[in-house]
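Trainee:
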Amino acid sequence: MVIGIVMSFKELTQFYIRDWGTAPWSGLSNYRVSVDFDAPVGQALLHSFFVTVAFTLLSVGLCWLIGTAAAVYMQDTFAGRGLLRALFLVPYALPVYAAVITWVFMFQHDNGLVNHVLHDQLHLTGKPSFWLIGDNSFYALLTVSVWKGWPFAFLIVMAGLQNIPRELYEAAALDGAGMWQQIRRITLPSLRPVNQVLVLVLFLWTFNDFNTPYVLFGKSAPEAADLISVHIYQASFVTWNFGTGSAMSVLLLLFLLVVTGVYLALTSRGRRTGDV
Amino acid sequence: MSRSPMAPPSSFLWSRRVFLTLLTGFVLVPVYVMVSSSLKPLADVTGKFRWLPSGLTIRPYIDIWSTVPLARYFVNSLIVAGAATVCSVVIAVFAAYAVSRYSFRGKRVFTVTVLSTQMFPGILFLLPLFLLYVNIGNATGIALFGSRGGLILTYLTFSLPFSIWMLIGYFDSVPKDLDEAALVDGCGPLGALLRVVVPAAIPGIVAVAVYAFMTAWGEVLFASVMTNDTTRTLAVGLQGYSTLNNVYWNQIMAASLVVSVPVVAGFLLLQRYLVAGLTAGAVK
Numbered sequence: 008m009v010i011g012i013v014m015s016f017k018e019l020t021q022f023y024i025r026d027w028g029t030a031p032w033s034g035l036s037n038y039r040v041s042v043d044f045d046a047p048v049g050q051a052l053l054h055s056f057f058v059t060v061a062f063t064l065l066s067v068g069l070c071w072l073i074g075t076a077a078a079v080y081m082q083d084t085f086a087g088r089g090l091l092r093a094l095f096l097v098p099y100a101l102p103v104y105a106a107v108i109t110w111v112f113m114f115q116h117d118n119g120l121v122n123h124v125l126h127d128q129l130h131l132t133g134k135p136s137f138w139l140i141g142d143n144s145f146y147a148l149l150t151v152s153v154w155k156g157w158p159f160a161f162l163i164v165m166a167g168l169q170n171i172p173r174e175l176y177e178a179a180a181l182d183g184a185g186m187w188q189q190i191r192r193i194t195l196p197s198l199r200p201v202n203q204v205l206v207l208v209l210f211l212w213t214f215n216d217f218n219t220p221y222v223l224f225g226k227s228a229p230e231a232a233d234l235i236s237v238h239i240y241q242a243s244f245v246t247w248n249f250g251t252g253s254a255m256s257v258l259l260l261l262f263l264l265v266v267t268g269v270y271l272a273l274t275s276r277g278r279r280t281g282d283v
Numbered sequence: 037m038s039r040s041p042m043a044p045p046s047s048f049l050w051s052r053r054v055f056l057t058l059l060t061g062f063v064l065v066p067v068y069v070m071v072s073s074s075l076k077p078l079a080d081v082t083g084k085f086r087w088l089p090s091g092l093t094i095r096p097y098i099d100i101w102s103t104v105p106l107a108r109y110f111v112n113s114l115i116v117a118g119a120a121t122v123c124s125v126v127i128a129v130f131a132a133y134a135v136s137r138y139s140f141r142g143k144r145v146f147t148v149t150v151l152s153t154q155m156f157p158g159i160l161f162l163l164p165l166f167l168l169y170v171n172i173g174n175a176t177g178i179a180l181f182g183s184r185g186g187l188i189l190t191y192l193t194f195s196l197p198f199s200i201w202m203l204i205g206y207f208d209s210v211p212k213d214l215d216e217a218a219l220v221d222g223c224g225p226l227g228a229l230l231r232v233v234v235p236a237a238i239p240g241i242v243a244v245a246v247y248a249f250m251t252a253w254g255e256v257l258f259a260s261v262m263t264n265d266t267t268r269t270l271a272v273g274l275q276g277y278s279t280l281n282n283v284y285w286n287q288i289m290a291a292s293l294v295v296s297v298p299v300v301a302g303f304l305l306l307q308r309y310l311v312a313g314l315t316a317g318a319v320k
């Protein structure tokens, strides 16, 4: 119990310990370097930030959409449902590096599956494209992230669906509501509280995700897919600039705190007025 | 759970079939690539991609153990993930029980802190933990940096917040009358927890254990910075196949499959508990 409290507080205070440990006191200069958007460091950070926002919004949206659709479609029993459900959870259960390394193989320029299908079999592209460098890397990253992330949404929505009382559906059926109407009027509104938490958690996890881009691209990500977590890692451990690295981390944390606060305030208020 | 007594309309059935077929394809293609490539001879994976192997071979499964010291990585991962899971579950059970059943000063602060750690980027802890471990090592002689212990401690801080949070929800759903009855019957608070509440909360605890194990088994960032040659885990070790002159894709796929099988099998066996645990715990 005590250890539990200490642990969770330790995480909070660790970067203060670090700051005490650093010998030369640099004041706010690390922050100034990070947010000076005219200088290369600040510009790179800003670029990385926008890439991350775009990536996170798309990834969370797609994960949520696919997960919810799959869970709603699979609410009723049908032949093969259990098998499908187990299958759909495989991407989530696979260790990140094993899954992502498979995608790396599929995205290879010369011997990968993606180019083979798109170029050799479907003839969609004039010449084989590069997926892990250049502009395409953004879509590669997005694909992998959605592939790996949607089963979590599926799992949570599935759990949420179990809490919807059967009587609601029966009453609606008696009133003559069809399947689609039941989904729109009962299922989706009932999922609102679940979605509130789900979208937030997905957002935070995707925004902070390091494992996927790191395994996909290695130590230095291509510019089009330069996620903030890898960017900070690079600033700290590749260029050995720990001060700027931690300044960026703290800025990132502040941003996430603000977003989470605003999000919770907005969605909770919406829910309260929605109930009335 | 069936939704309505009447048969679904054909538009629903039709769209369901299309959607689920596409999704199955999307999910299965990488899995197929992983399995089929792991059985291919090297020539098949260095040349143009082919759907069907030119010949099946189990050679990659034999070679993976000698190309990199995979067995050692495997043992390291098992020790680290196993220890992190056990500690995480034990601590989370006690912490969640305290929050769920007793009121104490700082309880609200505690739960809010636990929740808010979810939003911290892992990269934020990397520097402080790195320096902290080095400093502790210098001051006390306990080598945390590069050791399995340091990694276990790190993963514990990852999985604990979510575990505690989920178990609080789960314990709240176990009726208080149950442990009051146990207290009346002469159990201490510890007895009530271990004999009554824990057995009633098994699905939640299993879900937490699965979560903790998967977090530790799949983590890359800390494993890549905080391990050395003898304590390296699978997450980093797997990259050993691609940093050599030749990229042995068939061996990479075979190794990926080997390290995935224990987790995926465990996950699928326990998925019923997981859904039940999530229903009662996190989703409320």
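Protein sequence lines correspond, in order, to chains A and B.
To convert, note that position 187 of the first sequence is 194 in our numbering; the numbers rise steadily by one, no gaps.
To convert, note that position 12 of the second sequence is 48 in our numbering; the numbers rise steadily by one, no gaps.
We put the CB at the ideal spot given by N, CA and C, even for glycine.
(1) Hey, alanine 100 of chain A and valine 300 of chain B: beta-carbon distance below 8 Å or not?
(2) Please determine if the segment 238–254 of chain B and the segment 67–76 of chain A are in contact, where contact requires at least 3 C-beta pairs separated by less than 8 Å.
(3) Using a C-beta cutoff of 8 Å, does valine 13 of chain A count as contacting chain B?
(4) Spell out whether any CB of chain B is found under 8 Å from the CB atom of aspartate 182 of chain A.
(5) Assuming glycine 186 of chain B is part of the alpha helix (DSSP H), what are its boundary residues?
(6) Leaving aside the five residues before and after alanine 271 of chain B along the sequence, list all residues of the same chain whose C-beta is less than 7 Å from its C-beta, in chain order.
(7) With a threshold of 8 Å between beta-carbons, can glycine 185 of chain B be considered close to chain A, or not?
(8) Counting only beta-carbon separations shorter than 8 Å, does serine 73 of chain B have a partner in chain A?
(9) Along the chain, where does the alpha helix (DSSP H) that runs through methionine 113 of chain A open and close?
(10) Which whole-angstrom value is the C-beta distance of arginine 184 of chain B and threonine 121 of chain B, which I expect to be below 8 Å?
(11) Measure the alpha-carbon distance for valine 269 of chain A versus methionine 262 of chain B and round it to whole angstroms.
(12) Terminal residues of the continuous alpha helix (DSSP H) containing tryptophan 50 of chain B?
(13) In this structure, how does DSSP classify threonine 147 of chain B when only helix, strand and coil are distinguished?
(14) Excluding the 5 residues preceding and the 5 following tryptophan 138 of chain A in the sequence, name in chain order all residues of the same chain whose CB lies nearer than 7 Å to its CB.
(15) Thinking just about the alpha-carbon of each residue, which of B:Leu58, B:Pro89, B:Gly83, B:Thr82 is nearest to the one in serine 72 of chain B?
(16) Alpha helix (DSSP H) containing glutamine 189 of chain A: first to last residue?
(17) Give me the chain A residues within the contact set of valine 148 of chain B, using Cβ-Cβ distance strictly less than 7 Å, ordered along the chain.
(18) Which residues of the segment 238–257 of chain B have a Cβ closer than 8 Å to any Cβ of chain A? Give them in chain order.
(19) Ordered along the chain, which non-local residues of its own chain (more than five positions away) have a Cβ less than 7 Å from that of threonine 15 of chain B?
(20) May I ask you to list, following chain order, the residues of the segment 52–65 of chain B that have a beta carbon less than 8 Å from some beta carbon of chain E?
(21) Decide yes or no for the touch test of the segment 60–71 of chain B against the segment 285–301 of chain B: beta carbon pairs closer than 8 Å, at least 3 of them.
(22) Counting C-beta neighbours from all protein chains within 10 Å, is the total for proline 66 of chain B 16 or more, i.e. buried, or is it exposed?
(23) Going along the chain, which unbroken runs of the alpha helix (DSSP H) with 4 or more residues stay wholly within the segment 207–247 of chain A?
Mentor: According to the structure shown:
(1) Cβ atoms of alanine 100 of chain A and valine 300 of chain B: closer than 8 Å.
(2) The answer is no - the segment 67–76 of chain A does not touch the segment 238–254 of chain B, with fewer than three Cβ pairs under 8 Å.
(3) Summary for valine 13 of chain A: the model assigns pLDDT 43, below 50, so the residue's position carries little reliability; its value from the coordinates is reported in the next sentence. Not an interface residue.
(4) Cβ-Cβ to chain B under 8 Å: no for aspartate 182 of chain A.
(5) In the DSSP assignment, glycine 186 of chain B falls within the alpha helix (DSSP H) that extends over 184–209.
(6) If we look at alanine 271 of chain B and ignore the five residues flanking it on each side, its Cβ neighbours are Gly254, Glu255, Val256, Ala259.
(7) False, the Cβ-Cβ gap to chain A never drops below 8 Å.
(8) Yes, serine 73 of chain B lies at the interface with chain A (some Cβ there is under 8 Å from its Cβ).
(9) Unbroken alpha helix (DSSP H) run through methionine 113 of chain A: 103–113.
(10) About 14 Å separates the two Cβ atoms, so there is no contact after all.
(11) Distance between the alpha carbons of valine 269 of chain A and methionine 262 of chain B is about 36 Å.
(12) For tryptophan 50 of chain B, the enclosing alpha helix (DSSP H) has its first and last residue at 46–73.
(13) Correct three-state label for threonine 147 of chain B: helix.
(14) Taking C-beta separations shorter than 7 Å and ignoring five residues to either side along the sequence, the partners of tryptophan 138 of chain A in its chain run Phe114, Val121, Ser144, Ala147, following chain order.
(15) The residue from B:Leu58, B:Pro89, B:Gly83, B:Thr82 with its alpha-carbon nearest to that of serine 72 of chain B is B:Pro89.
(16) For glutamine 189 of chain A, the enclosing alpha helix (DSSP H) begins and ends at 186–189.
(17) Counting only Cβ-Cβ distances below 7 Å, valine 148 of chain B has no contacts in chain A at all, with the closest Cβ about 10 Å away.
(18) Listed by position along the chain: Met250, Trp253, Gly254, Glu255, Val256, Leu257.
(19) Within the shown structure, residues of chain B are numbered from 37 to 320, placing residue 15 of chain B beyond reach of any answer.
(20) Any reference to chain E falls outside this structure, whose protein chains are A and B.
(21) Result yes; three or more Cβ-Cβ pairs closer than 8 Å.
(22) A buried status is given to proline 66 of chain B, since no fewer than 16 other beta-carbon atoms sit within 10 Å of its beta-carbon.
(23) The segment 207–247 of chain A contains these whole alpha helix (DSSP H) runs: 218–224, 235–240.
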